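Novice: Throughout the sequence shown, residue numbering follows my numbering, covering 8 to 233 in sequence.
Idealized CB from N, CA, C, for every residue including glycine.
Fair warning: this is a prediction, and the values are worked out from it, not measured in the lab.
Once you've had a glance at the structure underneath, I'll fire off some questions.
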Amino acid sequence: MTVPFQSPGQLPAVWVLQAMPGPLTEALRQHGGVPNNVFRLVDQQLQYRTAVELRERIERRWYKLFSNLTGPELVQRGDQIAWDLLAPNDCSSPACEDGWLRDDSGSCPQCRKTSSVFHMTGEDHRDAPRANPSYAAQIVEANHDDLRRKYGTPRGGQSRHVVKHFVEYTPEPYTMREPEPDLPTEEQIERARRTERAHEVQRLAEERAKAEKAARAKQNRREGRS
Ligand SMILES: [Zn+2]
8 MTVPFQSPGQ
18 LPAVWVLQAM
28 PGPLTEALRQ
38 HGGVPNNVFR
48 LVDQQLQYRT
58 AVELRERIER
68 RWYKLFSNLT
78 GPELVQRGDQ
88 IAWDLLAPND
98 CSSPACEDGW
108 LRDDSGSCPQ
118 CRKTSSVFHM
128 TGEDHRDAPR
138 ANPSYAAQIV
148 EANHDDLRRK
158 YGTPRGGQSR
168 HVVKHFVEYT
178 PEPYTMREPE
188 PDLPTEEQIE
198 RARRTERAHE
208 VQRLAEERAK
218 AEKAARAKQN
228 RREGRS
């Protein structure tokens, strides 16, 4: 913000209160100006903050919390808003100014613990510009890469990160191999040979029996007994 010239001898509290936004100052005027308790509050806060910090506090909170209010709302709530623009925040850390550290080194570890924190190694920090949008963008991109590596690539517009669904590995049911046919033993081969020979012997014997029977019949016919 632009810091107007503070005239010599001007009370710091007065200079701080000159940073009150125009619409609010206008609303307060209808009630007789800035309430006395707000003056005392500024004096008290000046023990812990510089006048510049208090002016920045007014501006920051106004645009964050109240700048959207209408004129009548400002008239109705003016005193309370003036107080809220300057009251100390709830954080117990003396270095904390509305969640940010006064030395601009980052968010307050006391009251903004749950906010996003970039986990950077000491190496990342070295030579790194403290508050540089392109550097922050690099870190964000690196974090996204990390998420993509862990959870997969987004595949639709539905969600930023599609979690890979890991399917449990189920092995195929175990099947026994068909048993190898047993090779015939020498003994089995010999037995088969013997069986075969027996069959051959049988066949030849039957053939011979038939031939003898036919020869007898022929003999009988010749002897005229038929
Ligand atoms: Zn804090």
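Quick one: any contact between the segment 38 to 52 and the segment 104 to 115, if contact means 3 or more CB pairs under 8 Å?
Specialist: A contact between stretches requires three or more CB pairs, one per stretch, nearer than 8 Å, and the segment 38 to 52 fails this requirement with the segment 104 to 115.
Novice: From residue 197 to residue 231, what distance separates their C-alpha atoms?
Specialist: 51 Å
Novice: Taking the alpha-carbon of residue 62 as reference, which of 153, 92, 15 has the nearest alpha-carbon?
Specialist: 92
Novice: Please report how far the alpha carbon of residue 45 lies from the alpha carbon of residue 78, in whole angstroms.
Specialist: 20 Å
Novice: Start and end of the alpha helix (DSSP H) containing residue 220?
Specialist: 193 to 229
Novice: With DSSP as the reference, identify every bridge partner of residue 141, one or two as the case may be.
Specialist: Answer is none; residue 141 lacks a bridge partner.
Novice: Could you tell me which residues DSSP pairs with residue 107 in its beta bridges?
Specialist: 104, 114
Novice: Kindly indicate which residue of 33, 49, 14 has the alpha-carbon position closest to the one of residue 24.
Specialist: 49
Novice: If you follow the alpha helix (DSSP H) that residue 237 is part of, which residue opens it and which one closes it?
Specialist: Residue 237 is absent from the model: the chain starts at 8 and stops at 233.
Novice: For residue 117, verify whether its CB is less than 7 Å away from any heavy atom of ligand 1.
Specialist: yes
Novice: Check this for me: beta carbons of residue 65 and residue 20, under 8 Å apart or not?
Specialist: no
Novice: So, with DSSP's three-state summary, where would you put residue 149?
Specialist: For residue 149, the three-state secondary structure derived from DSSP is helix.
Novice: Leaving aside the five residues before and after residue 97 along the sequence, list all residues of the same chain whose C-beta is less than 8 Å from its C-beta, in chain order.
Specialist: 118
Novice: Roughly how many whole angstroms lie between the Cα atoms of residue 143 and residue 22?
Specialist: Between residue 143 and residue 22, the alpha-carbon positions lie close to 36 Å from each other.
Novice: Less than 7 Å separating the Cβ of residue 74 from some heavy atom of ligand 1?
Specialist: no
Novice: Considering only residues of the same chain and omitting the five flanking positions on each side of residue 29, which have a CB-CB separation below 7 Å?
Specialist: none
Novice: Report, in whole angstroms, the separation of the C-beta atoms of residue 53 and residue 88, which I expect to be a contact under 8 Å.
Specialist: With 8 Å as the limit, residue 53 and residue 88 do not qualify as a contact, their Cβ atoms being about 20 Å apart.
Novice: Within the present structure, is the beta-carbon of residue 100 separated from the nearest heavy atom of ligand 1 by less than 7 Å?
Specialist: yes
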